[in-house]
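Student: Submitted below is the structure of interest, expressed as structure tokens.
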Amino acid sequence: MKEQLQIDFDNIIKTSSFSKKDIKLKQNFLNEFIKTGFPNRREENWKFSDLKQIIKKNIGELSFYNDYSLANKIDTSVFVDGLEYNKIVFINGRIEKIDFDYEKKDKIEIIDEPEVDNRPNNLNSLIDLNKAFTNKCYKILIKEDYKLAKPLIIYHITNDKVKSKNISLSLDFQLEKNSSLRLIDLFNDNSEKNFLNIFYNFDLKKDSILKNYKIDKTENKNVKYSFNNIEQDTNSVSETFILSSGSEFFKNEINCNLKGKYSSAFVNGICSLSNNQHHEIRTIINHLTENTKSYQLIKSVLEDSSKAVYQGKIFVNSDAQKTDGYQLSKAILLNENSEFNAKPELEIYADDVKCSHGSASGSLNEDSIFYLMSRGLNYQQSRELLINGFLLDVIEKITDTEIKNLIKNMIGFKE
Amino acid sequence: MLKINKLNAKIDNKDILKGLTLNINPGEVHAIMGPNGSGKSTLSNILSGKKGYEVSGEVFFEKKNLFDLETEERAHKGIFLAFQYPLEIPGVNTNIFLKTSLNAVRKARGEKELDAIEFLKLVKEKSKELKFDEEKLNRQLNVGFSGGEKKKNEILQMSMLEPKLSILDETDSGLDIDALKIVADGVNTLRDKKNSFLIITHYQRLLDYIKPDFVHVLIDGKIIKSGGAELALELEKKGYENF
């Protein structure tokens, strides 16, 4: 793989127009990645999801070369109906469209970051891989006091032109003081055996609000990794909702640094899996100053031989008095071959905090099924009703009514 | 309508019903009384199709072998069980549940399914009759309902589905007098020449409001005595010890 990585990398450099400085930085990231390779189960954070094995099993040999010189045709049939929104369209990792048609033009800045961001990264080797191979990194800046009128949908589309490809993409968001953004990531795959590696960085200034909804619903055989790094200043709010259901493998990581007083982070997620799907949600919430709050609710419904993992860490440093941290994960196992792994972690160095965590898993309650069936519902209807009921409180955590209804429709929740 | 012939039932290798025989004709109200552990709830569970029992003997409902029917098919054919302990179903809206249930039954009976407006009209009407707080219809099914509200909800479901045979499993336990009257009214409204009831109870009290045609004493898995409404009064006075 090592030689191939360098050959593919050189090919990309040849066909792109990076500055010498960028190329050098990218080569450094590549070298870092070559040193460690894909994460495997010997690393604590990857012990439930051995990515190296998962790629080997599901993809085989990965190719790292992508031709970004040609534009892809946008298939508008995958676009969401019945909602006004701004959009960014990625097709096979290439940015095809950015429009903020519904917004005031002078309130949003889109900066093509020519210099590769050189922030120290000690996160994991996938970040190195991402930085080595991302073709463009845009920074989206929302100016002070500006609240976007409409949500932004980022379409992550793949089509059958790509197979066994490594696709890296990266976006940087800066929300200035008292601004707000509602961001929906919609995955729509018509391809298989690709590895998608997505890195978002969010910088939330004082009083800003970010709501990010990640929807992986379309069934596909790709392997995906997504990392959200969220930096939060005073009184800022981040709300992340993950619907993890379509891909063969998907690991979503949320790393949140609550650096400003009264900042708060909410992470809610659903893993709804079947067959041999394997998904993971991993969160790290760092309470770094006093009076910060975090809340997490993750629920999984697992059929066949599917597997879900939730690793949730709440870290409270010694300055972070009056921290309020909560996490709960629950799973329904519908088949004796399905598997749920939970690793809740609390690491607390302050003494005046309120932190709790819980995890539970089990099967569907047979008595409840009997109750519903005795009212004329068949087994399938009863099961569906109970599962929807189980997941409902996670959906209800979505604070944006418009988007909540959109998501309810997408997953067939009956009103 | 219902013919039970020498019904035996076992659970976890323990005999519960030991040759129970009972006939219920259209329009009749039967009450079964008996001490704790005599098999009353087992009987109602088996009739409505709960799994996990080892059964032998015969049960025919309108000449159909009941054991050939799945739980939901029994509901479609007109068997209804008002649960002793109605289950709380988190996340399931009571109205949605009621509509799904009603339309499943109507569909199976070859009747037109109700649309949202028709359904709401009906459920409001029935709720009013039963003095069931309409606001509860928008809540999660039985979640946070008081014992009385749960039982009233069972009777609401019964009156919506209009079953031919309603089995009330200790519906009276835990009810105050007012709620008891409402439940009895629900039953009496549905009572006619075609619809039958099997009322399982510990106390004679409910039978003051729903006058049974027959009273049976169930002890140790068998009906050991049957009689008219006066038998319930006798039991109330003397208890089960003499049997």
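Respectively, the protein sequence lines represent chains A and B.
For the first sequence, the numbering used here begins at 1 and goes up steadily by one.
For the second sequence, the numbering used here begins at 1001 and goes up steadily by one.
From the three backbone atoms N, C-alpha and C, an ideal C-beta is built for every residue, glycine too.
1) Assign A:Phe64 to buried or exposed, taking buried as 16 or more other Cβ atoms, counted over all protein chains shown, within 10 Å of its Cβ.
2) Quick one: list the residues of chain A neighbouring B:Val1105, beta-carbon separation under 7 Å, in chain order.
3) Please list, in chain order, the chain B residues whose beta carbon lies closer than 8 Å to that of A:Phe241.
4) Just the C-alpha distance for A:Val237 and A:Ser208, rounded to the nearest angstrom, thanks.
5) Find the residues of chain B that neighbour A:Asn388, judging by a C-beta separation of less than 8 Å, and give them in chain order.
6) DSSP three-state call for A:Ile59: helix, strand or coil?
7) Could you name the residues of chain B that A:Met373 contacts, counting a contact when the two beta carbons are closer than 8 Å?
8) Using a Cβ cut-off of 8 Å, which residues of the segment 263 to 294 of chain A contact any Cβ in chain B, in chain order?
9) Please report the straight-line C-alpha distance between A:Thr289 and A:Gly260, rounded to a whole angstrom.
10) Are the CB atoms of B:Val1187 and B:Gly1034 nearer to each other than 8 Å?
11) Can you tell me which of the three DSSP states A:Ser368 falls into?
12) For a contact meaning CB atoms closer than 8 Å, what does A:Ser368 contact in chain B?
13) I'd like to check one pair, A:Phe266 with A:Thr240: are the Cβ atoms closer than 8 Å?
14) Report yes if the C-beta distance between B:Leu1168 and B:Ala1082 is below 8 Å; otherwise report no.
15) For a quick check, are the C-beta atoms of B:Gly1052 and B:Lys1006 less than 8 Å apart?
16) Helix, strand or coil for A:Glu44? Go by DSSP, reduced to three states.
17) In the DSSP output, what is A:His287 paired with across the bridge?
18) Below 6 Å CB to CB, which residues in the same chain sit around A:Gly37 once its five sequence neighbours on both sides are set aside?
19) Which one of B:Ala1116, B:Ala1031, B:Glu1073 and B:Phe1061 has the shortest CA to CA distance from A:Tyr379?
20) Using alpha carbons as the reference points, say which of B:Ile1177, B:Thr1021 and B:Thr1171 lies closest to B:Phe965.
21) Name the residue from B:Pro1086, B:Leu1206 and B:Ala1179 whose alpha carbon lies nearest to the alpha carbon of A:Asp367.
22) Please work out which residues of its chain come closer than 8 Å, Cβ to Cβ, to A:Ile54, disregarding the five sequence neighbours upstream and downstream, and give them in chain order.
23) Within this structure, are the beta carbons of B:Leu1137 and B:Ser1127 separated by less than 8 Å?
24) Closer than 8 Å, Cβ to any Cβ of chain B: which residues of the segment 390 to 402 of chain A, in chain order?
25) In whole angstroms, what separates the C-alpha of B:Thr1071 from that of B:Lys1107?
26) In whole angstroms, what separates the C-alpha of B:Asp1220 from that of A:Arg282?
27) Should A:Leu333 go down as buried or exposed, given a rule of 16 or more other Cβ atoms within 10 Å for buried?
28) Pick helix, strand or coil for A:Ile411, following the three-state DSSP scheme.
29) Does DSSP put B:Phe1214 in a helix, a strand or coil?
30) Could you tell me if A:Phe100 is buried or exposed, where buried requires 16 or more neighbouring beta carbons within 10 angstroms of its beta carbon?
31) Between A:Glu43 and the ligand ATP, is there a pair consisting of the residue's CB and a ligand heavy atom that are separated by less than 7 Å?
32) Judging by CA-CA distance, which residue of B:Ile1210, B:Glu1028, B:Asn1013 and B:Asn1008 is the nearest neighbour of B:Gly1019?
33) Go to A:Tyr102, then tell me how far its alpha helix (DSSP H) extends in each direction, as first and last residue.
34) My guess is that A:Ser168 and A:Asn130 are in contact by the Cβ rule of under 8 Å, so how many angstroms apart are they, rounded?
35) Can you round the beta-carbon distance between A:Leu175 and A:Leu183 to whole angstroms, since I take them to be within the 8 Å contact cut?
36) Under 8 Å, Cβ to Cβ, is there at least one residue of chain A near B:Leu1081?
Tutor: Looking at the atomic coordinates:
1) buried
2) Gly376
3) Against A:Phe241, chain B offers no close residue; the least beta-carbon distance is about 17 Å (beta-carbon pairs closer than 8 Å).
4) C-alpha separation (whole angstroms): 6 Å.
5) Gly1091 and Val1092
6) A:Ile59: coil per DSSP, three-state reduction.
7) Gly1049, Glu1070, Thr1071, Glu1072 and Ala1075
8) Contact residues of the segment 263 to 294 of chain A toward chain B are absent (C-beta to C-beta distance below 8 Å).
9) 6 Å
10) no
11) Reduced to three states, the DSSP call for A:Ser368 is helix.
12) Leu1087 and Ile1089
13) yes
14) yes
15) no
16) helix
17) A:Leu258 and A:Val316
18) The same chain holds no residue with a CB closer than 6 Å to that of A:Gly37 once the five nearest residues on each side in sequence are set aside.
19) B:Glu1073
20) Given that chain B is displayed from residue 1001 to residue 1243, the structure contains no residue 965 of chain B and the question cannot be resolved.
21) B:Pro1086
22) Val223, Phe249 and His278
23) Yes, they are a contact pair.
24) Phe390, Leu391, Leu392 and Asp393
25) C-alpha separation (whole angstroms): 16 Å.
26) 56 Å
27) buried
28) coil
29) strand
30) buried
31) Among the components modelled here there is no ligand, and therefore nothing to report on the ligand ATP.
32) The shortest C-alpha separation from B:Gly1019 is found at B:Asn1008.
33) Unbroken run through A:Tyr102: none, as it is neither H nor E.
34) Cβ atoms of A:Ser168 and A:Asn130 come within 8 Å of each other, at about 5 Å.
35) That pair is no contact at about 10 Å.
36) By this cut-off, B:Leu1081 is an interface position.
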